[in-house]
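So the sequence lines, in the order shown, correspond to chains A and B.
Note that UniProt numbering gives residue 287 to position 287 of the first sequence, counting from 1, and the numbers run on in steps of one.
Note that UniProt numbering gives residue 303 to position 303 of the second sequence, counting from 1, and the numbers run on in steps of one.
Each remark here refers to the structure printed beneath this line.
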Amino acid sequence: MASNKSSLKEKLISSSLSFTLFSVLVGLITGAIALLIAGYNPLEAYGVILRGIFSKPKYIAWTIIYATPLIMTGLSVTFAFRTGLFNIGAEGQFIIGALVATLIGYFLNLPPVIHVIVVFLTAAIASGIWGGIAGYLKAKFGIHEVIATIMLNWIALYLNTYIVMLPGFKRPESESSYKILDSASTMILKGWKESEAGIQWLSNHPILKDIFKAPVNWGFLIAILLAALVWYILNKTTLGYELRSVGFNKYAAEYGGINVDKSMVTSMVIAGALAGIAGAVQVTGYTECVSKLAAMEGYGFDGIAVSLIGGNTAFGNIFAGLLFGALKYAGPNIQFALNAPAEMVDIVIGTIVFFIAIPKFVKMVFTTFAKERGEKNVK
Amino acid sequence: MLNSLAFIIGTTLMYSTPLIYTALGGVVSENSGVVNIGLEGMMTIGAFIGATVGYYSGNPWLAFLAAGIAGGVLALLHAVASVTFAADQVVSGIAINFLGAGISLFLSRMFFSGSVMTKPISLDHKMPRPFNNMFAENSFFDLVLNQYATVYLAFILVLVLWYVLYKTKLGLRIRAVGEHPRAADTLGIDVFKIRYLAVILSGVFAGFGGAAMSLAIVSNFRPTLISGHGFIALAAMIFGKWRPQGAMWACLLFGAAQGIAVYLGSTGIQIPTQLLSMLPYVLTLLILMGFVGKATAPAADGVPYEKGGK
């Protein structure tokens, strides 16, 4: 019995899930301390945030809508990470995916379901190529993927603005493109909920009516499917085995007859496609267009944090993405409700990631606690 | 024609400056073996603290110094994680970027009644321009040399850092720790101490870089002010092969693209500035692909050192 207990304790100490939960806790406490120092009541602030996530069905829907692209860019980063590559370029791949989705969604005239499929395929291919460039540059010229993807992010940003501003695509009197056609939309029952019959039906179903006030779309479902797909590729296929072994030890993999160069390109193509799908979901399910970007929007960078908080596992991304989406959606509420700085959220996220970076420290804390408890038991 | 050239050179110098400081920060840190992706966050907090102290004290030099200290303090966190606790340095750097932006905006809302933009520093309290009024207005030399003091300091810092890294004992130690920490340890060099020093210095420089932006190029801090410049500086450092002078040239290239874009914008020539803005990034990739040969990082760059390890 005793040995059973200690092995459970050891398991807890060594498991990455408890590290993550500990880091999340420290992050939330740090946010509370920051608020305290700034002269706000942290309990009140967290209360506002929690109510902002859960108090209405609509809010939950919005949280999920916020989380969806982050789960996908997180998956992109995770996929590359597991194969030994650091994809800082999810940002640029997202931009390319969103851009191509809008172009195909606006200029091509196809029947409803087929249009959506074509939009997603082309967006995935385009951003897959975009990510693949970084993989190719690394494989062929030894250019570190971090620098290549940083460069590609900026090229994507300016390319997006250049294309958005082209006559024929730019909506007059705005800094955005035309909106995609309805046939390319992934919003759930978009036309119906605005139709008379829809309005009538929804007025009898208040909860659904509330949910449908948010632009609910199929994106979250796609995100879960993609997480399953990533898990499957990584863990159940030969390709995944090869990619992971390259990530684990490049030289051993090469010795084992795996084409390392090809693996790098493949990995970045898949990572790019995942981030591109995030862009396509965002456009087809929410924004319906792309705009001139003055600065990076951060979907890719937030995806890095999501991937890290999710322990670089496919399904971990879903939970980390939801946490992140919730904080991003409901965090600003403390600004309106309490006049407290909403940037507390970034401090929370930063702290979580910081503690995830130092498992050695966390382990130390855990073992110290375990020891003290042990000593007490002896007395 | 000559004046146009002078205008372009002048703007190039101005826009390169924040990048040079920050890239030099990257050079120090990575030569000691610590990857610093957190430069962006350190630059952001430097820009914010610089603008805030500048606004409240009216003393640009005090503001500049405070920015350096703020960057250094944030870098200390990175050092604790990556040196003492053998953290994944990239992950720690990502955390620093979130913290840098978060803390800056958080404090901004506290000090500037809920605004994420700091109040502008009055013109007399901006960085001084040592060669102001020395040349006839809009003459060639005026356009090129009438720069903020931060511009000249940046180039002096390049020289100083080059000298320290390659001509002094301290520099030798920094590089030794970055190339082969175990050997350095055997020779009695305190690997941890040197790395702490290098990482903190990198934060100080990045803080200066941010302040060079918020105290000279513009006169306040706002959320999009740094947006990505820290990452460009990081790229410039790699582009410049982890050397101070190399990083400087790379920063000048990025600055020049911006200078030319500004110039073309002012002339109303219908060249899409977006395509022009892409140029330095495309060039960087092309040049890395083969024109300068393979760039190699310090051997122990990114590898945590653990005493008594294998």
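Note that CB positions come from ideal geometry on N, CA and C, so glycine has one too.
Would you say M272 of chain B faces chain A, with C-beta separation under 8 angstroms as the test?
First, the residue type needs correcting, since residue 272 of chain B is Pro and not Met in the sequence shown. Interface residue, yes.
Is there a Cβ from chain B that is less than 8 angstroms from the Cβ of V353 of chain A?
True, the Cβ-Cβ gap to chain B drops below 8 angstroms.
Can you tell me which of A:I334, A:G325, A:A197 and A:K190 puts its alpha carbon nearest to the alpha carbon of M72 of chain A?
The closest CA to that of M72 of chain A, considering only A:I334, A:G325, A:A197 and A:K190, is found on A:G325.
Against K170 of chain A, what residues of chain B qualify as contacts under a CB-to-CB distance less than 9 angstroms, listed in chain order?
Under a criterion of Cβ atoms nearer than 9 angstroms, no residue of chain B is adjacent to K170 of chain A; the nearest Cβ is some 13 angstroms distant.
Kindly indicate which three-state DSSP category M1 of chain B falls into: helix, strand or coil?
If DSSP states are grouped into helix, strand and coil, M1 of chain B belongs with coil.
Among B:H180, B:F85, B:P304 and B:K167, the one whose alpha carbon lies nearest that of V365 of chain A
For V365 of chain A, the closest C-alpha among the options B:H180, B:F85, B:P304 and B:K167 is that of B:F85.
Closest to A154 of chain B by C-alpha separation, out of B:V282, B:T296, B:G188 and B:G25, would be which residue?
Checking every option, the nearest Cα to that of A154 of chain B belongs to B:G25.
Provide the residue span of the alpha helix (DSSP H) that contains H115 of chain A, from first to last.
Counting along the chain, the unbroken alpha helix (DSSP H) around H115 of chain A starts and ends at P112 to F141.
What residue ranges within the region 3–69 of chain B form continuous alpha helix (DSSP H) runs of no fewer than 4 residues, ordered along the chain?
List check, alpha helix (DSSP H) in window: 39–57.
Please name the residue, chosen from A:S195, A:A101 and A:G31, that lies closest to K179 of chain A on a Cα-to-Cα basis.
Residue nearest to K179 of chain A within the set A:S195, A:A101 and A:G31 is A:A101 (criterion: CA-CA distance).
Would you kindly work out how many angstroms separate the C-alpha atoms of G316 of chain A and F140 of chain B, rounded to a whole number?
Roughly 60 angstroms separates the two Cα atoms.
Measuring CB to CB, does E44 of chain A end up less than 8 angstroms from L234 of chain A?
Taking C-beta atoms as the reference points, E44 of chain A and L234 of chain A fail to come closer than 8 angstroms.
For the region 209–227 of chain B against the region 239–249 of chain B, do three or more pairs of beta-carbon atoms, one drawn from each stretch, fall closer than 8 angstroms, so that the two count as touching?
As far as the Cβ criterion goes, the region 209–227 of chain B does not touch the region 239–249 of chain B, which means the pair count is below three.
Check this for me: beta carbons of V144 of chain B and G10 of chain B, under 8 angstroms apart or not?
Cβ atoms of V144 of chain B and G10 of chain B: closer than 8 angstroms.
Alpha carbon to alpha carbon, how far is L2 of chain B from L286 of chain B?
The alpha-carbon atoms of L2 of chain B and L286 of chain B are separated by roughly 30 angstroms.
Could one say the Cβ of F361 of chain A lies closer than 8 angstroms to chain B's Cβ atoms, at least one of them?
Interface residue, yes.
Residues that A235 of chain B contacts on chain A, provided the C-beta gap is smaller than 8 angstroms
Under the 8 angstroms cutoff, chain A gives I147, I150 and M151.
Start and end of the alpha helix (DSSP H) containing N153 of chain A?
Residues E145 to V164.
Identify, in the order they occur along the chain, each residue of the same chain with its Cβ nearer than 6 angstroms to the Cβ of G27 of chain A, setting aside the five sequence neighbours on each side.
For G27 of chain A, the CB contacts under 6 angstroms within the same chain, skipping 5 residues up- and downstream, are V348, T351 and I352 in chain order.
Could you give the DSSP three-state label for N235 of chain A: helix, strand or coil?
Three-state DSSP puts N235 of chain A in a helix.
Check the DSSP bridge columns for K170 of chain A and list the partner residues they point to.
K170 of chain A is bridged by DSSP to A:S177.
Near-chain A residues of the region 89–116 of chain B (beta-carbon distance less than 7 angstroms), N- to C-terminal order
Listed by position along the chain: V90, V91, S92, I94, A95, F98, L99, A101, G102, I103, L105, F106, R109, M110 and G114.
Can you find a CB in chain B that lies within less than 8 angstroms of the CB of N339 of chain A?
Judged by the 8 angstroms Cβ criterion, N339 of chain A is in contact with chain B.
Buried or exposed: which applies to M151 of chain A, given that a residue is buried once 16 or more other Cβ atoms fall within 10 Å of its Cβ?
With 16 or more other Cβ atoms within 10 Å, it is buried.
For P69 of chain A, report the span of its alpha helix (DSSP H) as first-last.
For P69 of chain A, the enclosing alpha helix (DSSP H) starts and ends at P57 to R82.
Closest Cβ-Cβ distance between S202 of chain B and chain A: below 8 angstroms?
Not one chain A Cβ lies under 8 angstroms of S202 of chain B.
Let me confirm a value: T238 of chain A is counted as buried when at least 16 other C-beta atoms fall within 10 Å, else exposed. Which label applies?
The residue in question, T238 of chain A, is exposed, as its Cβ has fewer than 16 Cβ neighbours within 10 Å.
Taking 8 angstroms as the CB-CB cut-off, is A81 of chain B touching chain A?
True, the Cβ-Cβ gap to chain A drops below 8 angstroms.
Output the boundary residues of the alpha helix (DSSP H) element that contains L286 of chain B.
That run of the alpha helix (DSSP H) goes T273 to L286.
If we define contact as Cβ-Cβ less than 8 angstroms, is G350 of chain A a contact residue for chain B?
For G350 of chain A, the nearest beta carbon of chain B is closer than 8 angstroms to its own beta carbon.
CB G100 of chain B to CB V35 of chain B, shorter than 8 angstroms?
Against a cut-off of 8 angstroms, the Cβ pair of V35 of chain B and G100 of chain B comes out as no contact.
Looking at Q93 of chain A and G272 of chain A, is the spacing between their C-beta atoms short of 8 angstroms?
Yes, these two residues count as a Cβ contact at 8 angstroms.
Run of the alpha helix (DSSP H) containing M110 of chain B, from where it starts to where it stops
Unbroken alpha helix (DSSP H) run through M110 of chain B: Q89 to F111.
From L208 of chain A to G97 of chain A, what does the alpha carbon distance come to, in whole angstroms?
A direct Cα-Cα distance of roughly 31 angstroms separates L208 of chain A from G97 of chain A.
What are the boundary residues of the alpha helix (DSSP H) that includes I37 of chain A?
Secondary structure note for I37 of chain A: its alpha helix (DSSP H) is the uninterrupted segment S16 to I37.
Chain B within 8 angstroms of F86 of chain A, Cβ atoms only
Interface criterion met: the Cβ of F86 of chain A is under 8 angstroms from a Cβ in chain B.
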